[in-house]
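J.:
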Amino acid sequence: MKFFKAIIIFTLFVLVLSACGKSSFKNESKEATASVETTLAEAVKKPNKKSDEIQFYLPFGFEIKDESPNNIILKNGSKTYILFNNPQENEESDVVYKATAAQYEDLDVKKEFKQDKKLGFVIIKQMDADLNELTVGIGGTKITTQVKTSSLKNEAIVMTQIVSSVENN
């Protein structure tokens, strides 16, 4: 009987620990969405990188891996980001937002914000239990990456800083 009781206690202990360790997609995605809106309202970071088409802020640790007329591939460690810019669309445009959202049949998060004549947006598609595709954009500019659920908020902040700093040359 003591052995049976010990097994039950051990099983409950393991379940509690595993539940505490997992990030809740619902909570993390809400925090990421709120962070995008907050970061949009902050002062724009000064551009420190320049390509043929745009100049933009790139945080420490990020590097440009490849460029094409509308896309810049960024790396930060093992993570890859795609920065897309349509110079024909201004910061109020919803063309990139609508086109991005239309690529998916079912989105977990699709939110737009209007602040200071800017249309900001965040799109999150849960790919599996702990992996998500995160897109943050303003008008004709967006950045996309794949991110763990526990990193949604921090990645959303950095990605918003990058897209909000983009200036066409």
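Read left to right, the sequence shown gives residues 1449 to 1617 (our numbering). For glycine and all other residues, C-beta sits at the position ideal for the given N, C-alpha and C.
(1) By alpha-carbon positions, which one of Asn1518, Tyr1529, Val1606 ends up nearest to glutamate 1537?
(2) Confirm, please, whether the CB-CB distance from isoleucine 1610 to leucine 1473 is below 9 Å.
(3) Measuring alpha carbon to alpha carbon, tell me which of Leu1567, Val1570, Lys1596, Gly1585 ends up nearest alanine 1577.
(4) Mind checking which residues open and close the beta strand (DSSP E) that includes threonine 1589?
(5) Quick check on the burial criterion: 16 or more other C-beta atoms within 10 angstroms. Buried or exposed for alanine 1491?
(6) I'd like to check one pair, valine 1570 with alanine 1604: are the Cβ atoms closer than 9 Å?
(7) For glutamate 1539, report the span of its alpha helix (DSSP H) as first-last.
(8) Indicate whether serine 1599 and lysine 1493 have their beta-carbon atoms separated by less than 9 Å.
(9) How many Å lie between lysine 1601 and threonine 1593 at the Cα?
T.: The structure says:
(1) For this step, residue 1537 is matched to residue 89 along the sequence shown. Looking at the Cα atoms, Asn1518 is the closest of the given residues.
(2) As a position in the sequence shown, residue 1473 is number 25, starting the count at 1. As a position in the sequence shown, residue 1610 is number 162, starting the count at 1. At residue 1473 the sequence reads phenylalanine, which differs from the leucine that was named. Cβ atoms of phenylalanine 1473 and isoleucine 1610: not closer than 9 Å.
(3) In the sequence shown, residue 1577 corresponds to position 129, counting from 1. Answer by Cα proximity: Lys1596.
(4) Residue numbering aside, residue 1589 sits at position 141 when the sequence shown is read from its first letter. First-last of the beta strand (DSSP E) with threonine 1589: 1589-1596.
(5) One-based indexing of the sequence shown puts residue 1491 at position 43. Exposed.
(6) As a first step, residue 1604 must be located in the sequence shown, where it is residue number 156. As a first step, residue 1570 must be located in the sequence shown, where it is residue number 122. Yes; because the gap between Cβ atoms is below 9 Å, this pair is in contact.
(7) In the sequence shown, residue 1539 corresponds to position 91, counting from 1. That residue, glutamate 1539, is in no alpha helix (DSSP H); it is neither H nor E in DSSP.
(8) On the sequence shown, residue 1599 is found 151 positions in, with the first residue counted as 1. On the sequence shown, residue 1493 is found 45 positions in, with the first residue counted as 1. No. Outside cutoff.
(9) Your numbering for residue 1601 matches position 153 in the sequence shown. Your numbering for residue 1593 matches position 145 in the sequence shown. Roughly 13 Å separates the two Cα atoms.
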